[in-house]
Every structure is written in structure tokens, then in C-alpha cells.
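>
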Amino acid sequence: MIRLGDKYKRYLKLADIKREGIEAEFLEGQTSAGKTTVGIGLKFVLLCANSPKKMHLLCGYTLGKLETTIIMKDNGILDIARQLGYKVEYRANGGSQIRLAHLIVYGRTREEDKIILCAGYSDSTKWKDILGNQYGIVAVDEANIADIDFLRELSMRRDYWMFTLNPDDPNMPIYKEFINHSRPLDEFVKDYPTELYNQLQSQKPNKGWIHWYFTMDDNVALTDEKKQQIIGSVPVGSKQYKNKILGLRGRAEGLVITEFTEDKIIPESKYHDGSMWLPNEAIYKVLCGLDSGLNADATALTIALMTTAGRLISIPTFYYVPEMGSNSNSQQAAYIERWLDYWLSAFRCLNPSIVEITGDSAALTQDLLYEINLRTKYSAHKVGAKDIMKDTQRVKSIVGTQGYWYIVNFGRRNPLDPSEKIGEDDMLIVEFNNIVWDKKKGNVPEDGNDHAFDSFKYMTYSMYYGMMGGIL
């Protein structure tokens with residue numbers, strides 16, 4: 000029989016979903032945490048067997064994957080059902096009455112038999128065959144890679160559903176539309192990484208939607224030797240390490256800034272309690288990078304503090320989109336001056352003489368740089384000739400140098416009111432976690448949603464080359 004840790008025992012206790020008022024459960028977390036085995040292999044079978052409805056649904060990427068990873072494996076559905084005393088039959092080719100692949104969970108009488116249709120969601124021509132029915136219990140394995148249109152359709156055709164998830168790009172619609180509307184039980188909030196818990200708070204909770212975060216420690220069947228083998232097989236600091244070993248969301252394939260890891264982020268609380276500062280550490284230079292699209296796109300200003308302890312610390316990113324207010328260069332210059340005054344005062348380094356603003360050489364940014372010089376107390380200059388690959392490698396080197404660069408995460412702040420938080424993560428963090436290589440254009444970073452990233456690149460010019468081009 001499957002061995003269960005305390006958290007999984009609590010998960011299984013919530014089996015009377017009608018009485019408990021549970022409509023959805025989402026299982027997320029580390030690799031090899033037991034999410035599929037316990038979530039689908041055990042609880043799903045119990046819920047189907049005890050449901051008043053006859054028709055249920057099990058979905059995976061393909062039918063073949065369902066068979067090998069959930070239905071027929073050791074401690075899969077057939078094995079677990081037998082251990083629980085249920086007679087379950089799998090009909091891969093369907094039958095005379097039901098032509099689709101399905102499981103039959105036999106009851107005491109034929110009227111009590113339960114049918115579990117089995118389907119893959121990778122091919123829309125196939126999953127559309129299953130959307131004509133209403134189902135009692137629905138399980139979707141690896142829901143993060145499922146077609147979002149499939150999930151939207153399915154959401155209207157079930158009484159209850161469960162998802163198992165591997166951490167993925169947090170900007171995918173599945174998180175905004177479904178997962179982030181769930182919440183953990185109060186008793187398990189303490190187990191959540193701050194990053195994941197904050198992401199869940201980004202959407203309003205739906206009543207009866209429960210989120211579970213499972214780790215390898217919750218899988219008591221996993222030996223210490225096997226656990227260390229899994230952890231040791233993934234490079235520390237890589238995005239795969241973040242996704243698989245830490246169980247945190249983030250794009251993993253094709254990422255540009257693979258050096259950006261959780262240990263580079265200083266939470267706001269450490270700024271307030273003073274623990275982010277080293278003894279005798281002072282700020283002697285403030286470097287800023289500027290990227291502006293004016294009316295057509297966003298304007299981003301990244302700010303980094305150079306310290307006498309040999310560290311570079313990024314503070315809140317100014318990120319302004321046209322619909323927020325006036326788009327004139329002069330007004331944006333005023334917003335930027337107010338932003339710098341606010342945050343440099345907060346970090347006790349409001350001294351315009353130590354501030355360097357370096358911007359893109361594109362015409363729109365140059366116009367804004369001119370207005371900053373004309374109308375504010377700060378000095379601005381443009382970069383010289385740009386080299387996308389060299390600029391990108393410079394950013395990777397800065398972020399990847401041990402003990403050198405950090406970012407204080409005050410969340411995304413309103414560029415018109417720096418004291419107001421409008422998002423959980425600074426835009427530089429968001430973009431570092433999501434910028435990918437564009438293979439169609441010679442393996443350069445993907446163009447789009449990269450304004451904070453680009454402004455950070457321009458900021459590095461002052462570090463490496465000095466005042467490129469002089470003051471405008």
C-alpha cells in the first residue's frame with residue numbers, strides 16, 4: 000500500500016467534497032513529490048467510486064502517456080484500485096457502448112458502475128469528442144501544458160476537478176484564469192515559498208478552490224538516496240533547479256538570464272529591518288538605464304546602487320505605459336525626477352551629482368534624455384554603438400557573478416505614485432524570469448516586453464565604458 004505523509008493524509012481526508020464544499024483542487028510543487036500518484040492514482044479513484052454520477056473524466060497529454068504514467072504503472076490506478084478493494088477494468092480500445100478509451104470502476108450492481116473516460120488533450124480533434132458530456136469528477140494531469148481552450152470548455156462540464164501541475168511560465172493564462180484563484184488551507188500557508196504564495200494572491204479567491212504545494216519531503220516513499228540523486232542531477236542556480244527542485248514557477252526553456260535565481264532577490268522586509276546592508280557599506284554611485292517608446296510603448300528606468308562593499312543593488316524600476324497619463328517627453332521627465340527623488344531619499348543617497356542616467360540611442364529615448372537634462376536636476380547621456388549580444392552577455396555576467404548583484408523587491412510600483420504597489424514583483428524580476436532567445440533572428444533575445452531588461456543593459460554602459468557620447 001502507498002505510504003502517506005501528514006500533508007497527503009490531510010489531502011485525502013477532504014474526500015467528502017460535497018460536504019466540504021470543494022469544487023477544485025490544484026496540486027503544484029517539486030518534481031517527484033507524489034502529486035500524480037496520490038492525487039490522481041488514489042484520491043481520484045476514491046472520488047469517482049463514491050460519486051453519485053456515473054460519468055467521469057481523466058485527461059493527460061496523450062492517451063499513451065496516461066497509460067504508462069497513471070493507469071498501468073506500479074502504484075497506478077489499476078494497482079491502487081486493487082489495493083483498495085475495487086475491481087477496475089481498463090478498455091484501451093473502448094467497447095460496444097462507449098467507443099472511447101475508458102476505465103470501469105465496478106460497483107455492487109451494474110447501476111453503481113462508474114465510467115472514467117480517458118483522453119489526451121494534445122490534439123484538439125480528439126479532445127473535442129469528450130466535450131459533449133457533463134462529468135462528475137475530472138482530473139487533468141500536467142494541466143500547465145494543456146490547451147487553454149480545452150480547459151475553458153472543461154470548466155463548464157464538471158462538478159469537481161483536480162489539476163496536477165509542474166511549475167511553468169507564471170504569465171500563462173492558466174494561472175490567471177484558474178490556478179491563482181485557489182488558496183492553501185490556513186494550516187499549510189507556512190510551507191509556501193513567498194514567491195509562490197504572492198502569485199496566488201494576484202487573483203480573487205474562488206470559494207471551494209484549494210491549492211496544495213507538495214515537496215519531495217511530503218513523499219515519504221522517496222528515500223533520502225533517491226532524493227539526493229534527483230537534486231544532484233539538476234545544476235544549482237539553473238531555471239530547471241528553480242522549477243523542479245524548488246517547485247517555483249518560471250519559464251525554463253530558452254531563457255536568456257538563466258543566472259537569475261531566487262537568492263538574487265532581497266525581500267522588502269530586509270530593507271526595512273536593515274539586514275540587507277553590510278557593516279560599513281555606503282552608496283557612492285547611482286547608475287540608471289533608460290528605454291523609452293513614448294506613445295507607442297512603455298518607458299522603463301532601472302536604478303542600481305554601487306556600494307563600497309563591492310555590490311550592485313537594483314531598487315524599484317520605473318515602468319510607465321502610455322495609458323497611465325500624459326505622454327509628453329517633458330511630463331515623463333517630471334515623473335522620472337519624482338521617482339528618483341522618492342527612492343533615492345528612501346535609500347538615503349539623494350545626491351544628483353552621483354547619479355548617471357544612460358539611455359538608448361534611439362530617437363524617442365534621446366528626446367526624453369534631452370528633457371531630463373533640460374528640466375530636472377539629473378544628468379543624462381546616450382549609449383554609443385549597441386551590440387545586442389555583447390550587451391546581453393554583459394547583463395548575464397553581472398547577474399551571475401557570485402555576491403555581486405542583487406535586487407530589492409518592493410513589488411511593481413505606480414510610476415505616478417511611487418508609494419503605491421500595483422503588482423507583487425518588480426518589472427525587472429518579471430522580465431528576467433521571462434526573456435527568451437529568439438531563434439528565428441539569429442538567437443538574440445526575443446523582442447517585446449523587454450523594456451526593463453533593455454534599460455538594465457543601457458545602465459551597464461556607464462559601468463564598463465564611462466559617459467558614452469557625453470551629456471546631450
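Residue numbers (numbering that gives the first Met the number 0): 0 to 471. Cβ coordinates follow ideal geometry from the N, Cα and C atoms, glycine included. The structure presented is a predicted model; accordingly, all values stated were derived computationally and were not measured.
#1: In or out: Ser274 buried (at least 16 other Cβ within 10 Å) or exposed?
#2: Does the beta-carbon distance from Ala384 to Met215 come in below 9 angstroms?
#3: Out of curiosity, what's the CA-to-CA distance linking Gly231 and Tyr240?
#4: Given Val435, which residues of its chain have a CB within under 7 angstroms of its CB, disregarding the five upstream and five downstream residues?
#5: Quick one: what does DSSP say Leu373 is sitting in, helix, strand or coil?
#6: Gly4 to Leu116, Cα distance in whole Å?
#7: Would you kindly check if the distance between the Cβ of Val139 and the Cβ of Leu153 is under 9 angstroms?
#8: Mind pulling the alpha helix (DSSP H) runs of 4 or more residues that sit fully within the stretch 323–394?
#9: Just mark Tyr463 as buried or exposed, buried being the case when its beta carbon has 16 or more other beta carbons within 10 Å.
#10: Grab me the residues of Lys395's own chain with a C-beta within less than 7 angstroms of its C-beta, minus the 5 sequence neighbours each way, in chain order.
#11: Exposed or buried, what is Ile470 when buried is set at 16 or more other beta-carbons lying within 10 Å of its beta-carbon?
#12: Would you check if there are 3 or more beta carbon pairs closer than 8 angstroms linking the stretch 118–135 to the stretch 61–71?
#13: Taking contact to mean 3 or more Cβ pairs, one atom from each stretch, closer than 8 angstroms, check whether the stretch 361–370 and the stretch 279–299 are in contact.
#14: How is the alpha helix (DSSP H) around Trp126 delimited, first residue to last?
#15: With a floor of 4 residues, list each alpha helix (DSSP H) that falls wholly inside the stretch 4–60, ordered by position along the chain.
#16: Under three-state DSSP, which class holds Phe409?
#17: Checking 9 angstroms against the spacing of the C-beta atoms, do Trp404 and Lys284 come in under that value?
#18: Going by alpha carbons, who is nearest to Ala332 out of Lys420, Tyr377 and Asp148?
#19: How is the beta strand (DSSP E) around Tyr283 delimited, first residue to last?
#20: With distances taken from CA atoms, which of Lys439, Leu343, Val407 and Asp122 is nearest Tyr270?
#21: Among all the DSSP beta bridges, which residues are the ones paired with Phe455?
#22: At what residues does the alpha helix (DSSP H) containing Met426 begin and finish?
#23: Return yes when the Cβ of Pro417 is within less than 9 angstroms of the Cβ of Pro321, no when it is not.
#24: Check whether the stretch 420–430 and the stretch 446–456 are in contact - that is, three or more C-beta pairs closer than 8 angstroms.
#25: Provide the residue span of the beta strand (DSSP E) that contains His101, from first to last.
#26: Counting beta carbon pairs with one atom in the stretch 16–24 and one in the stretch 77–90, are three or more of them shorter than 8 angstroms?
#27: Between the C-alpha atoms of Leu247 and Leu373, what's the straight-line distance to the nearest angstrom?
#28: Beta-carbon within less than 8 angstroms of Gly93's beta-carbon, same chain only, minus the 5 sequence neighbours each way: which residues are those?
#29: Using DSSP's beta-bridge definition, name the partner residues of Arg182.
#30: Within a Cβ cutoff of 7 angstroms, which residues of the same chain sit near Lys34, ignoring the five residues on either side of it in sequence?
#31: CB Asn205 to CB Ile173, shorter than 9 angstroms?
#32: Reducing DSSP to helix, strand and coil, say where Phe187 ends up.
#33: Tell me the residue span of the beta strand (DSSP E) that contains Arg90.
#34: Does DSSP classify Ser154 as helix, strand or coil?
The answer reads as follows:
#1: Looking at its Cβ environment, which holds fewer than 16 other Cβ atoms inside 10 Å, Ser274 is exposed.
#2: Cβ distance not < 9 angstroms, so Ala384 and Met215 don't count as in contact.
#3: Answer to the nearest angstrom: the Cα atoms are 10 angstroms apart.
#4: Excluding residues within five positions, the ones whose Cβ falls inside 7 angstroms are Arg250, Gly253, Leu254, Val255 and Glu445.
#5: DSSP places Leu373 in the helix class (H, G or I) of the three-state scheme.
#6: If you take the alpha carbons of Gly4 and Leu116, they lie about 30 angstroms apart.
#7: Going by C-beta atoms, Leu153 is nearer than 9 angstroms to Val139.
#8: Complete alpha helix (DSSP H) runs here, min 4: 328–345 and 362–374.
#9: In this structure Tyr463 is exposed. Its beta-carbon is surrounded by fewer than 16 other beta-carbon atoms within 10 angstroms.
#10: Apart from sequence neighbours up to five positions away, the residues of its chain that approach Lys395 with a beta-carbon distance below 7 angstroms are Ile256 and Glu258, ordered along the chain.
#11: In this prediction, Ile470 scores a pLDDT of 36, lower than 50, which makes its location untrustworthy; no coordinate-derived value is stated.
#12: The stretch 118–135 vs the stretch 61–71: in contact.
#13: Yes, they touch.
#14: In the DSSP assignment, Trp126 falls within the unbroken alpha helix (DSSP H) covering Ser123 to Trp126.
#15: The qualifying runs are 5–12, 16–19 and 44–48.
#16: In this structure, Phe409 counts as coil in the three-state DSSP scheme.
#17: Their beta carbons are not under 9 angstroms apart, which means Trp404 does not touch Lys284 by this criterion.
#18: Among Lys420, Tyr377 and Asp148, the Cα nearest to that of Ala332 is on Tyr377.
#19: Ile282 to Ser291 is the extent of the beta strand (DSSP E) around Tyr283.
#20: Nearest option by C-alpha distance: Val407.
#21: DSSP, once it has assigned bridges, lists no residue as partnering Phe455.
#22: First-last of the alpha helix (DSSP H) with Met426: Met426 to Phe431.
#23: No.
#24: Between the stretch 420–430 and the stretch 446–456, the count of C-beta pairs closer than 8 angstroms reaches three or more; the two stretches touch.
#25: First-last of the beta strand (DSSP E) with His101: His101 to Tyr105.
#26: Contact fails: fewer than three Cβ-Cβ distances are below 8 angstroms.
#27: Roughly 45 angstroms between the two C-alpha positions.
#28: Leu99, Ala100 and His101, listed in sequence order.
#29: Ile209, per the DSSP bridge assignment.
#30: Taken in chain order, the residues that qualify are Leu26, Gly28, Thr163 and Phe213.
#31: Asn205 places its beta carbon 9 angstroms or farther from that of Ile173.
#32: Of the three classes helix, strand and coil, the one that applies to Phe187 here is helix, per DSSP.
#33: Counting along the chain, the beta strand (DSSP E) containing Arg90 begins and ends at Lys86 to Arg90.
#34: When secondary structure is reduced to three states using DSSP, Ser154 falls in the coil class, being assigned neither helix nor strand.
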